[in-house]
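Engineer: Chains as they are written, first to last, in our numbering: chain F, 1 to 223; chain B, 1001 to 1813.
All C-beta atoms, glycine included, are put in the ideal place defined by N, C-alpha and C.
The model shown is predicted, which means the values in this text are computed figures rather than measured ones.
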Amino acid sequence: MNVIETKNLGKRLSTSSNEELLILDNINLHIAQGESVAITGESGSGKTTLLGLLAGLDIPTKGEASLLGKALSPLDEDERAALRLGKVGFVFQSFHLMDNLNALENIMLPLELDKGSSDIRQRALDALKQVGLEKRSTHLPTQLSGGEQQRVALARAFVSKPQILFADEPTGNLDRNTGEEIIALLFDMQKQSDTTLVMVTHDDSLAMRCQTHYKLVDGQIVT
Amino acid sequence: MNQLIVEWKKFWRLAEMRLLFLALLVAVVAVTSVGFFTDRADRAMSQQATTMLGGDMVVVSTRPISDTFLQEAEKRGLRTAETISFPSMVSVGEKFQLAQIKAVSVEYPLHGNIETSESALGEVENTLLKRLEKDEVLAESRLFVALNIKAGQEVQLGQSKVRLAKLIRKMPDQSASIFQLAPKLILPMHQLKATGLLTPASRARYSQLFAGDEKNIKQFTNWLKPQLKKTEAIRTLEDGLPSVQQALQRGQRFLKMASLLAVILAGAGIALSSYSLTQHETPAVAVLKTMGASRRQILFRYLSQLFFSATIAALVGAILGYIIQLFLASYLQDFVGQTLPSASWWPVVVGLFTAWIMVLGFSVPHLMRLINTSPVQILQGQSSQPKTSLFFSAFVLSAAVLLLMWMQTQDIKLSGILLIAVLVAIAVFWLMATLMLRVIRKLGERWRLPKANKRMALMVVVFGIGLFSLLLLTTLRGDLINRWQASLPVSAPNHFLINIQPDEVEPLQKLLSKDKIETPLYPMVLGRLVKINDKAVSEDDYETDRAKRLLIREFNMSANVAMPEGNKIVSGDWFKPEALNGLSVEEGIAKTLRLKMGDSMTFDIAGEQITEKIISLRSVNWDSMRPNFFVMMAPKAFDDQPKTFITSIHLDDDQKHVLPSLIKEFPSVTDIDITAIMTQVRDLINKAAFAVQAIFLFTLVAGVVVLFAALQSQKAMRRKEIAILKSLGASRAYLRRSLVLEFAMIGGLAGFLASVLALIAGNVAASMLFDLSPEINLMLITTGTLLGAVLVGAAGYLNVRGLLSVVPVSLFR
Ligand SMILES: Nc1ncnc2c1ncn2[C@@H]1O[C@H](COP(=O)(O)OP(=O)(O)O)[C@@H](O)[C@H]1O
Ligand SMILES: [Mg+2]
């Protein structure tokens, strides 16, 4: 079963000077449950834009994207959010932890949003253990290194056992060694929980480790 | 609930949230402490008033009042009493004296006591009317002096013989009668009939007194009001102690205004800190949305926190406010000399609503933008909020401010005017700030000053309005306190001498001048106003109780070559020395009776009608403790009238010997010693001044909160700027200089604008709200500008100092 499908997906933006800018065109993707997918391309090629469309954070100007079997365009923002709730996780280049929440509280956040969750604290502690930071549970993001922050972000993304994980340049802000540790951890967790992984990166060696590899050039997929 | 507290602890880690809370707290403390205090002071004053009135509520009339009120009141469980006052002659042998007879039912007075003694200086005791023998009556000492008798002697009153059992030393309603010429005689009601004095033709004043608990009295008053006949009016204590009332009212008005300004300043603090809060939370909201949070969830998350904070701030603030007013009230307590009525719960409610309205009104516009944050931007690394219409924000903010002012002043019209004033002030500040910044930009290129920009204009407006409020209050407070203290200088009169006969004027003045006491003596004549512009008037022609009362009782009128000290002409001219005609009328009473320049008034003076035209209107300083008159006639007008004279003198402790010799030489002259009242009033004024200072502090604190909230709101932007400048090679010294200079410039500009506008507004407010005369104070402008520059420069630098060590690398995160 495909958890993500797109048909002729396109995104056009009108700039301030009233020029039309075609960022993405004719994207056709099929991503199956448990698959790991890398999207590569040069800076400005439209990777992040595509990720936003696939996750339903943004809506296309052309074509259709569906997430978990539901077409996204007819849904409003809240309906799209509801679709993600508990089923989709994110890892960002600049971590984006809440700076007023400690490590554990950051991880509990997605579970708290989902009304059906139980054992929130225990599950968050388990996730923290999984990323090896159980001793740092009460530390605030400012007290953690970049690598540690990204680990917390990983725990936060995986804690709700999502079906899909979106990652946008997850190592972009980290040094090489730390980046590799994070990637190892990421694949580890992905395999364990059979999560679909959609990762944007400009690192080809990283892309090689994924089952599928899409390359974006000027808003189009080349294979 | 538990969840809320857990969440609150998390939010508390944000500096923005703590600032917001602080601003809320200041607002609530200001509102509740002033609320508690004025509420108690008000009720203390009305309690005081009831003892002076002799009841909680009094109905007066020139005709007999039907029994229906009394019956209804008794049905409702209220206590009642009746009085009937009229003038009559009292005689002993050949000696006659006019007295004001007050026939009272045995329940009189419902509040307060009749204090009596056996002789003028004897021991004072309370007298209950039901303890009096069948033919016993009470009278003021002046009657004893005039008839040359002692307590216990019999006198003739109408057709009865009554015994003057005791001297009245103090009784309810006495203050109003200080200047009444005829001494009072209290006659138990059951003796009235036998005297045969009360006929339908007699000019009597009837009153019914009611007492009971507050709620009951209120309901009864509401029931009674629509049934009042035109001749009947409800009496309050407006003519009791005008000077104390005036001083207190002014003080309360100032307190309310100060707390209102504190609230508005705190509101600005809330708006700024909730702006920073939402700014800070924008990426967080985007992240929450990627996790699948709905807008409702996000709205609930922030709104519940804001409301929770507001509620805690309200509760803590109410407790603090209560404690603070306890201090204020303990001062007031000494003055009132009785336990103050306990504080009511109302201020807590007001505090709670204040906090809620502020949170709603001042942060909802930001919140609306926050929840509409688009999630996709978190991927693109932006953190901008979508724009909402300026109109919506302005509307919500204005509505909140209006509501707050309405709650404080309970006067929608005044609140509307204030709101418009605030909006105009903002507009003026904005305009001036932009203009001046434009000039500075021109100069700045030459002097390498920091670039003037829109953000600076905003800061100038915010700080300007903050400083403006503080300066305005400072000047008003200073004026107010000076004025209070000046109104009762140490040399203010402390004795009234009344009942001075015309042939005693010169010898009395001679006697006084031996001790270097110079004082004008005013002739006094009693007159009843019967016609205005040749048309008969009666109390039926007026709606207000005050007007009715003025027509029911007689005017004390005087005439003098010089205008009494402390009076000011507001229109027309004072009399020429030899003038025979014309009237000078106090402006307040002219308003009450709808009189204007050139109108004629006819007075019935001892049966003779005298008609004169109004040639001047005067303002009178009622605080002055000197003889003051609503109506004054031309200097020579009283030459042929029977009259007595009145004066007030100041006696130092070492001049007290004057009195015994004075009284011995002029036995008919009555001395009224107001030293005790004066001490009380002076004491009260000092305490009110203290209260005013205390409340002023809140406004100061609110101002500081605004200062920091405004600085905090720019911190993120500054961090970025400093990092960029550093990466371009700017040194710390350069950055320090330009930051301090920028803040000092903003502060100086704000201070300058604020002081100029405060000077204007202060003079307007002083003359309109507090009856103070305008004054131009150029020092204020210098002080204001310097104060602004130093304050904002220092606080601004302190706030961003930490950012100077920011490493440019943070840019790339
Ligand atoms: N909000 C926007 N407004 C205008 N142009 C945008 C916006 N978002 C992205 N772009 C443009 O779209 C193109 C693709 O951007 P992006 O998807 O972020 O690329 P990548 O992630 O591959 O670096 C770039 O040229 C970028 O400038
Ligand atoms: Mg990108």
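For F/Gly146, name the three-state secondary structure that DSSP assigns.
Structural biologist: Counting from 1 along the first sequence, the entry for residue 146 of chain F is found at position 146. Residue state, collapsed to three classes: helix.
Engineer: Listed in chain order, which residues of the segment 56-84 of chain F have Cβ atoms closer than 8 Å to some Cβ of chain B?
Structural biologist: Going along the segment 56-84 of chain F in chain order, one finds Leu57, Asp58, Glu77, Asp78, Ala81, Ala82, Leu83 and Arg84 with a Cβ nearer than 8 Å to chain B.
Engineer: To which residues of the same chain is B/Leu1261 closer than 7 Å at the C-beta, ignoring the five residues directly before and after it?
Structural biologist: Mapped onto the second sequence, residue 1261 of chain B falls at position 261. Only Ser1469, Leu1473 and Thr1699 meet the Cβ criterion.
Engineer: Going residue by residue through the segment 1091-1127 of chain B, where are the continuous beta strand (DSSP E) segments of at least 3 residues, counting only ones entirely within it?
Structural biologist: The qualifying runs are 1095-1104, 1114-1117 and 1125-1127.
Engineer: With 9 Å as the threshold, decide whether the Cβ of F/Pro170 is near any Cβ in chain B.
Structural biologist: The count along the first sequence starts at 1 and reaches residue 170 of chain F at position 170. Answer no: the Cβ-Cβ gap between F/Pro170 and chain B never drops below 9 Å.
Engineer: Closer than 8 Å: is that where the CB of F/Ser94 sits relative to any heavy atom of ligand 3?
Structural biologist: Questions concerning ligand 3 fall outside what the structure shown contains, since the ligands it does hold are ligand 1 and ligand 2.
Engineer: Taking Cβ-Cβ distances shorter than 7 Å, what residues in chain F pair up with B/Ser1294?
Structural biologist: If you number the second sequence from 1, residue 1294 of chain B lands on position 294. Neighbours of B/Ser1294 on chain F, chain order: Asp78, Ala81 and Ala82.
Engineer: Could you spell out the range, first to last residue, of the alpha helix (DSSP H) harbouring B/Asn1366?
Structural biologist: The sequence position of residue 1366 of chain B within the second sequence is 366, counting from 1. It is His, not Asn, that sits at residue 1366 of chain B in the sequence shown. First-last of the alpha helix (DSSP H) with B/His1366: Trp1346 to Ile1371.
Engineer: So which residues on chain B does F/Met98 lean against when the C-beta distance must stay under 7 Å?
Structural biologist: The residue labelled residue 98 of chain F in the question sits at position 98 within the first sequence. In chain order: Ala1284.
Engineer: Mind checking the segment 109-124 of chain F against chain B and listing, in chain order, the residues whose C-beta falls within less than 8 Å of any C-beta there?
Structural biologist: Result list: Leu109, Pro110, Leu113 and Asp114.
Engineer: Just the chain B side, please: which residues come within less than 7 Å of F/Glu105 by C-beta, in chain order?
Structural biologist: Indexing the first sequence from 1 puts residue 105 of chain F at position 105. Result: Lys1010.
Engineer: In this structure, does DSSP put B/Gln1641 in helix, strand or coil?
Structural biologist: Taking the second sequence and counting its residues from 1, one reaches residue 1641 of chain B at position 641. DSSP places B/Gln1641 in coil when its eight states are reduced to three.
Engineer: Could you name the residues of chain F that B/Met1257 contacts, counting a contact when the two beta carbons are closer than 9 Å?
Structural biologist: Here residue 1257 of chain B refers to the residue found at position 257 when the second sequence is read from its first residue. Result: empty, since nearest Cβ-Cβ is about 38 Å, beyond 9 Å.
Engineer: Leaving out the 5 sequence neighbours to the left and right, which residues in its chain are closer than 6 Å to F/His213 when beta-carbon positions are compared?
Structural biologist: The residue you call residue 213 of chain F lines up with position 213 of the first sequence. Ala38 and Ala207, listed in sequence order.
Engineer: In three-state terms, what does DSSP make of B/Met1171?
Structural biologist: Along the second sequence, one-based indexing puts residue 1171 of chain B at 171. If DSSP states are grouped into helix, strand and coil, B/Met1171 belongs with coil.
Engineer: Which residues mark the beginning and the end of the beta strand (DSSP E) in which B/Tyr1522 is found?
Structural biologist: For this step, residue 1522 of chain B is matched to residue 522 along the second sequence. Looking at the DSSP string, the run of the beta strand (DSSP E) that includes B/Tyr1522 is Tyr1522 to Ile1532.
Engineer: At least one CB of chain F closer than 9 Å to the CB of B/Met1717: is that the case?
Structural biologist: For the purposes of this step, residue 1717 of chain B is identified with residue 717 of the second sequence, where counting begins at 1. False, the Cβ-Cβ gap to chain F never drops below 9 Å.
Engineer: For ligand 1, any of its heavy atoms closer than 8 Å to the Cβ of F/Gly132?
Structural biologist: As a position in the first sequence, residue 132 of chain F is number 132, starting the count at 1. F/Gly132: no, Cβ never under 8 Å from ligand 1.
Engineer: Taking beta-carbon pairs under 7 Å, can you tell me which members of the segment 134-161 of chain F lie near chain B?
Structural biologist: For the segment 134-161 of chain F, which is checked against every Cβ of chain B, not one residue is closer than 7 Å.
Engineer: I need the straight-line Cα distance from B/Ile1270 to B/Arg1455, nearest angstrom please.
Structural biologist: Looking up residue 1270 of chain B in the second sequence gives position 270. Looking up residue 1455 of chain B in the second sequence gives position 455. Taking the straight line joining both Cα atoms gives about 19 Å.
Engineer: Put B/Pro1564 into one of helix, strand or coil per three-state DSSP.
Structural biologist: Taking the second sequence and counting its residues from 1, the one referred to as residue 1564 of chain B is at position 564. If DSSP states are grouped into helix, strand and coil, B/Pro1564 belongs with coil.
Engineer: Rounded to whole angstroms, what is the Cα-Cα separation between B/Phe1812 and B/Ser1713?
Structural biologist: Position 812 of the second sequence, counted from the start, is the residue given in the question as residue 1812 of chain B. Position 713 of the second sequence, counted from the start, is the residue given in the question as residue 1713 of chain B. Note that B/Phe1812 scores 43 on pLDDT, short of 50, meaning its location in the model is unreliable; the coordinates nonetheless yield the value given after this. Each residue's alpha carbon lies about 22 Å from the other.
Engineer: Which first and last residues belong to the beta strand (DSSP E) in which F/Tyr214 is found?
Structural biologist: The residue you call residue 214 of chain F lines up with position 214 of the first sequence. Taken as a continuous stretch (DSSP letters only), the beta strand (DSSP E) holding F/Tyr214 covers Thr212 to Val217.
Engineer: Is it a yes or a no for the segment 1277-1292 of chain B touching the segment 106-125 of chain F, going by three-plus beta-carbon pairs under 8 Å?
Structural biologist: Cβ pair count under 8 Å is three or more, so yes.
Engineer: Per DSSP, what kind of secondary structure is B/Asn1399 in: helix, strand or coil?
Structural biologist: Taking the second sequence and counting its residues from 1, the one referred to as residue 1399 of chain B is at position 399. Residue identity differs from the one stated: residue 1399 of chain B is Ala in this sequence, not Asn. Looking at B/Ala1399 - three-state DSSP - the assignment turns out to be helix.
Engineer: Could you check whether the Cβ of B/Met1291 sits closer than 9 Å to any Cβ belonging to chain F?
Structural biologist: Here the question's residue 1291 of chain B lines up with position 291 in the second sequence. Yes - at least one Cβ of chain F is within 9 Å of the one on B/Met1291.
Engineer: Start and end of the alpha helix (DSSP H) containing B/Ser1061?
Structural biologist: In the second sequence, the residue the question calls residue 1061 of chain B occupies position 61. From DSSP, B/Ser1061 is part of no alpha helix (DSSP H) but of the beta strand (DSSP E) over Met1057 to Ser1061.
Engineer: Report the neighbours of B/Gln1305 on chain F: residues whose CB is nearer than 8 Å to its CB, in chain order.
Structural biologist: One-based indexing of the second sequence puts residue 1305 of chain B at position 305. Correct list: empty, because the minimum Cβ distance to chain F is about 11 Å.
Engineer: Taking Cβ-Cβ distances shorter than 9 Å, what residues in chain F pair up with B/Leu1014?
Structural biologist: Locating residue 1014 of chain B in the second sequence gives position 14, where the first residue counts as 1. Here the neighbours are Asp99 and Asn100.
Engineer: Is the beta carbon of F/Leu9 sitting closer than 9 Å to the one on F/Glu64?
Structural biologist: Residue numbering aside, residue 9 of chain F sits at position 9 when the first sequence is read from its first letter. Residue numbering aside, residue 64 of chain F sits at position 64 when the first sequence is read from its first letter. Contact: yes.
Engineer: For the segment 1721-1730 of chain B against the segment 1054-1072 of chain B, do three or more pairs of beta-carbon atoms, one drawn from each stretch, fall closer than 8 Å, so that the two count as touching?
Structural biologist: At 8 Å Cβ cutoff, the stretches do not touch.
Engineer: Please report the Cβ distance between B/Arg1626 and B/Ile1569, rounded to the nearest whole angstrom; I am assuming they are in contact, meaning their Cβ atoms lie under 8 Å.
Structural biologist: The sequence position of residue 1626 of chain B within the second sequence is 626, counting from 1. The sequence position of residue 1569 of chain B within the second sequence is 569, counting from 1. B/Arg1626 to B/Ile1569, Cβ: 17 Å. No contact.
Engineer: Spatial neighbours of B/Ser1584 within its chain, please: CB distance less than 6 Å, with the 5 preceding and 5 following residues excluded, ordered by chain position.
Structural biologist: Along the second sequence, one-based indexing puts residue 1584 of chain B at 584. So the qualifying residues of the chain are Ser1616, Arg1618 and Met1632.
Engineer: Could you give the C-beta distance for F/Thr201 and F/Thr40, rounded to a whole number, given that I count them as a contact under 8 Å?
Structural biologist: Translated into the one-based positions of the first sequence, residue 201 of chain F becomes position 201. Translated into the one-based positions of the first sequence, residue 40 of chain F becomes position 40. About 6 Å separates the two Cβ atoms, so the contact holds.
Engineer: Check whether the segment 92-110 of chain F and the segment 138-150 of chain F touch, using three or more Cβ-Cβ pairs below 8 Å as the test.
Structural biologist: Yes, they touch.
Engineer: Around the Cβ of B/Leu1241, are there at least 16 other Cβ atoms within 10 angstroms (buried) or fewer (exposed)?
Structural biologist: What you label residue 1241 of chain B is simply residue 241 of the second sequence in a count that begins at 1. Residue placement at B/Leu1241 is flagged as unreliable, the pLDDT there being 49, under the threshold of 50; a coordinate-derived value is accordingly withheld.
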